[in-house]
Amino acid sequence: MHMTVTRGKGSYSVDSQLIGQNINGFIIGPNIGGGGMGRIYHGVHTQSQHSVAIKILLPEYAEDENFRTRFWREAELMSSLRHPHIVTVYTYGEWYGYLFFVMQLVKGPSLERILYRRTFSPRTAWQIVRPITEALHYGHTRGVLHRDMKTGNILVEPRGQHNHVYLTDFGLGKRPGFDTTLTAVGVSVGTPEYMAPEVAMGSPADHRADLYSLGVILYELLLGRLPFLHKSPHLTALAHVDEYVPRPRALHPEFPRKLEALLLKALEKDPDGRYQSAEDMCRDYYDAVKALDADAQRTCFWVTPA
Ligand SMILES: Nc1ncnc2c1ncn2[C@@H]1O[C@H](COP(=O)(O)OP(=O)(O)O)[C@@H](O)[C@H]1O
Ligand SMILES: [Mg+2]
């Protein structure tokens with residue numbers, strides 16, 4: 027079987043060909059989302075009737091020799107990650123020219139979607155910051171970089187009074203040569219809003235690039251806007267490289283000083299000037315919020331109306 031995928035309308039015909047198929051014991055169900063690299067389907071394990079999410083990467087990834095090699099080398103490492111706040115990858119493989127992941131199904135929206143309908147205060151943002159920094163720190167100490175930290179990769183599952191927060195797509199991020207870097211404009215997929223300067227430049231990046239992207243997420247959670255958003259993805263990527271981060275207290279005069287310092291440190295252009303571990307960032311966040319009076323902890327400092 028061979029299929030070609032085009033964007034937009036074409037994906038529906040791909041859906042109709044994929045839905046109902048059996049991938050290594052999992053029946054592909056309805057499409058539940060799609061991002062830069064592929065499409066997500068609901069799935070059911072035939073033997074256990076257990077529901078899963080199946081991520082099927084666009085066929086062009088299987089055709090890219092570098093990506094293929096990396097997929098087989100790194101998918102095992104990704105699926106070895108077991109953490110309460112990381113979406114578990116159960117299995118992965120190749121099926122008729124599609125690379126795929128079978129993973130834990132999260133019954134809830136992404137943080138990207140949540141940000142359209144609610145705001146965050148320093149205190150409520152902690153409910154995201156704590157699990158995500160823990161998950162990131164866990165991956166980093168095992169030598170896995172996330173590479174695509176963004177609100178779309180944080181999933182929130184309501185569980186009674188509580189929400190359970192998950193980080194997904196660990197290690198699935200694109201690489202220079204096949205992504206949205208300034209060195210590879212034209213083959214751009216994905217969005218550069220969360221991109222560390224060194225990644226935008228196509229320079230070598232380490233775990234501190236993830237911590238920069240986490241800084242962007244935090245900035246967005248606390249201020250309700252991104253540090254940089256320009257008319258084109260290319261200009262947004264460039265801004266991370268050579269524009270000053272708009273100072274939180276210039277945007278909102280009452281924005282807490284300690285949290286401003288935290289955000290500016292997280293968004294330092296030079297990796298050496300940033301937080302060096304997710305754990306440090308987590309601790310600093312906790313201390314900064316604890317130092318606020320009860321009112322400030324609960325205040326929303328968003329600069330744009332919700
Ligand atoms: N394991 C999962 N369980 C439930 N929903 C998921 C899961 N993974 C992804 N999704 C949904 O599918 C959407 C698209 O995911 P994805 O293809 O990774 O795109 P991107 O990360 O580029 O936004 C996500 O925003 C989320 O709503
Ligand atoms: Mg994703």
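Count along the sequence shown from 1, add 26, and you get the number used in our numbering. C-beta atoms are modelled at their ideal positions from N, C-alpha and C, and glycine is treated no differently.
Original post:
Cα-Cα, which of Pro279, Glu280, Ala304 is closest to Lys291?
Top reply: Ala304
**OP:** Would you mind working out which of Leu255, Ala161, Glu280 sits nearest Glu269, comparing C-alpha positions?
**Re:** Leu255
**OP:** Report yes if the CB atom of Val242 is closer than 8 angstroms to the CB atom of Pro230, and no otherwise.
**Re:** Not in contact: Val242 and Pro230 (Cβ atoms no closer than 8 angstroms).
Subject >> Asn179: CB within 7 angstroms of a non-hydrogen atom of ligand 2 >> reply: yes
Subject >> As assigned by DSSP and simplified to three states, the class of Pro297 >> reply: If DSSP states are grouped into helix, strand and coil, Pro297 belongs with the helices.
**OP:** Could you pull the start and end residues of the alpha helix (DSSP H) that Trp14 belongs to?
**Re:** Given a span of 27 to 332 for the chain in the structure shown, any question on residue 14 remains unanswerable.
Original post:
Cα separation between Ser214 and Ala235?
Top reply: Residue confidence for Ser214 is low, a pLDDT of 41 falling below 50, so the modelled location carries little weight; the figure read from the coordinates is stated next. About 19 angstroms.
Subject >> At least 3 beta-carbon pairs within less than 8 angstroms: the segment 68-82 vs the segment 155-163 >> reply: no
**OP:** Compare the beta carbon distance of Ala88 and Glu120 with 8 angstroms and say whether it is the shorter of the two.
**Re:** Yes. Within cutoff.
**OP:** Grab me the residues of Gly212's own chain with a C-beta within less than 8 angstroms of its C-beta, minus the 5 sequence neighbours each way, in chain order.
**Re:** Reliability fails at Gly212, whose pLDDT of 39 lies under 50, so the model's placement of it is uncertain and no value is given.
Original post:
Closer than 7 angstroms: is that where the CB of Leu334 sits relative to any heavy atom of ligand 1?
Top reply: Outside the modelled stretch of the chain, which goes from 27 to 332, sits residue 334, for which no answer is possible.
Subject >> Spatial neighbours of Phe146 in its chain, beta-carbon cut-off 6 angstroms, leaving aside the 5 residues before and after >> reply: Leu247
Original post:
For Leu125, which beta-bridge partners are listed by DSSP?
Top reply: Glu120
**OP:** Give a yes or no on whether the C-beta atoms belonging to Leu107 and Ile158 are separated by under 8 angstroms.
**Re:** no
Original post:
What is the DSSP secondary structure of Lys176, reduced to helix, strand or coil?
Top reply: DSSP places Lys176 in coil when its eight states are reduced to three.
Original post:
With a Cβ-Cβ cutoff of 8 angstroms, do Thr262 and Glu219 count as a contact?
Top reply: yes
Original post:
Within the chosen definition, does the segment 277-287 reach the segment 298-317 through at least 3 CB pairs nearer than 8 angstroms?
Top reply: Yes, the segment 277-287 is in contact with the segment 298-317.
Original post:
For Arg273 versus Val329, is the C-beta spacing smaller than 8 angstroms?
Top reply: no
**OP:** Measuring alpha carbon to alpha carbon, tell me which of Val70, Phe52, Asn50, Val40 ends up nearest Gly60.
**Re:** Val40
Original post:
How should Glu224 be labelled, buried or exposed, when 16 other C-beta atoms within 10 angstroms of its C-beta is the threshold for buried?
Top reply: buried
**OP:** Rounded to whole angstroms, what's the CA-CA distance from Thr207 to Val132? Just pull it up for me.
**Re:** Low local confidence applies: a pLDDT of 42 at Thr207 is under 50, so the model's placement there is unreliable, with the coordinate-based value given in what follows. Each residue's Cα considered, the two are about 30 angstroms apart.
Subject >> Span of the beta strand (DSSP E) around Ile66 >> reply: 64-71
Subject >> Entirely enclosed alpha helix (DSSP H) segments - the segment 241-312, minimum 4 residues >> reply: 259-268, 274-277, 283-292
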